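Notes follow the structure.
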Amino acid sequence: SEGKGDGSSLVSSPRQHEMSQLMHEVKELKAYGMKNSTKICYLEEKLDEAHKEIYRLRERCNMLESISGPLIAKAGRSDMEIYSPDDSSLDPTEAILLLGGVDGYSESCLSSVQSYFPSRNVVKAHSSMSGIRSNASVAKSDGKIYIFGGDDGGHGWFD
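Using the UniProt record's numbering, you'd call the opening residue of the sequence shown number 1 and step up by one each time.
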């Protein structure tokens, strides 16, 4: 009878050790999971804050562009000379209208409105559109410009 008791205690001892080891590993995994969960929550919060800040900065940029008034700058120059918007030497019939588009650097859609004068290599900036737009169609009628369709920067297409 004592032999049986000793044999069963020898058998259960390695199992108890394995169980203890498994329990310890489970606790470590739970702690690791909690730590990662906390990190993920923190990063999601920071990502949300970054998205909001980007939106605020875009809105601020659009607002500043719209109130800055028309400027004229030499196209393709790094020192961007600014001229008076009353430059009478610019022929409005020669102007090529540039509306929106995609910024070649960050590939984000633009809300800019500009006139390009090829003979003088001059760009004249106008107040911006109320929203960003690329790949749109444009028509001019009775001195007014109409913009149709296009992409709003990945949020959908305009009809």
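C-beta atoms are modelled at their ideal positions from N, C-alpha and C, and glycine is treated no differently.
Predicted model, so just to flag it, every value in this text is computed and none were measured.
Closest Cα partner of residue i within the set the options
i           : options            : result
residue 134 : 140, 143, 126, 149 : 149
residue 120 : 39, 45, 138, 96    : 96
residue 137 : 17, 29, 151        : 151
Alpha-carbon spacing of residue i relative to residue j, whole angstroms
i           : j           : result
residue 92  : residue 59  : 30 angstroms
residue 123 : residue 100 : 14 angstroms
residue 82  : residue 146 : Caution applies to residue 82, whose pLDDT of 46 falls short of 50 and renders its modelled position unreliable; the model cannot decide the point.
residue 42  : residue 32  : 15 angstroms
residue 29  : residue 18  : 16 angstroms
residue 144 : residue 47  : 41 angstroms
residue 15  : residue 22  : 10 angstroms
residue 49  : residue 62  : 20 angstroms
residue 57  : residue 25  : 47 angstroms
N-terminal and C-terminal residue of the beta strand (DSSP E) that residue i is part of
i           : result
residue 125 : 122-126
residue 90  : Residue 90 -> no beta strand (DSSP E), and no H or E assigned at all.
residue 139 : 137-141
residue 115 : 113-117
Beta-carbon spacing of residue i, residue j below 7 angstroms
i           : j           : result
residue 112 : residue 127 : no
residue 114 : residue 98  : yes
Q: Could you name each continuous beta strand (DSSP E) segment of 3 residues or more that falls completely within the region 10-50, going from the start of the chain to the end?
A: Runs found: none.
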